[in-house]
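Undergrad: Under full-length UniProt numbering, think of the first position of the sequence shown as 1, with each following residue one higher.
Note that the Cβ used here is the ideal one computed from N, Cα and C, for glycine as well.
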Amino acid sequence: MTEARIIAFPSRPDDRLRLALRSLEAALQTQDAEVAAWRAALREFAGSVRGLDHSVARYRAELEAAGATAAAAGEEARALERRASAWLGQPPG
Numbered sequence: 001m002t003e004a005r006i007i008a009f010p011s012r013p014d015d016r017l018r019l020a021l022r023s024l025e026a027a028l029q030t031q032d033a034e035v036a037a038w039r040a041a042l043r044e045f046a047g048s049v050r051g052l053d054h055s056v057a058r059y060r061a062e063l064e065a066a067g068a069t070a071a072a073a074g075e076e077a078r079a080l081e082r083r084a085s086a087w088l089g090q091p092p093g
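In structure tokens:
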């Protein structure tokens with residue numbers, strides 16, 4: 001069994017007010033620190049989102065270039081196929 005400890009409670013109204021103000025000040029300091037940490041996290045998140053946006057834009061551009069290259073290669077392959085068919089005297093198909 002644990003022993004109970006008696007905590008002295010301030011007896012004068014001035015003491016109670018002083019303790020309440022100290023508690024309030026400590027809470028406000030904690031809140032300020034938490035808000036500052038939250039803002040820092042938001043800045044870091046915004047930087048990550050910007051980086052992701054740049055990466056996606058670069059990926060999209062590379063994908064479009066690859067698509068254009070593939071389309072050009074397909075057209076060239078069909079042109080070669082038509083030319084080969086014409087040389088062999090076959091109908092284009």
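Please report how far the alpha carbon of LEU18 lies from the alpha carbon of ALA27, in whole angstroms.
TA: Note on residue identity: the sequence assigns Arg, not Leu, to residue 18. CA-to-CA, the gap between ARG18 and ALA27 works out to about 14 Å.
Undergrad: Taking only three categories from DSSP, how would you classify ARG12?
TA: ARG12: coil per DSSP, three-state reduction.
Undergrad: Where does GLU62 fall in DSSP's three states?
TA: helix
Undergrad: Would you report the Cα separation of ARG12 and THR30, rounded to the nearest angstrom?
TA: 27 Å
Undergrad: Can you tell me the Cα-Cα spacing of VAL56 and ALA65, whole angstroms?
TA: 14 Å
Undergrad: In this structure, does DSSP put GLN29 in helix, strand or coil?
TA: Of the three classes helix, strand and coil, the one that applies to GLN29 here is helix, per DSSP.
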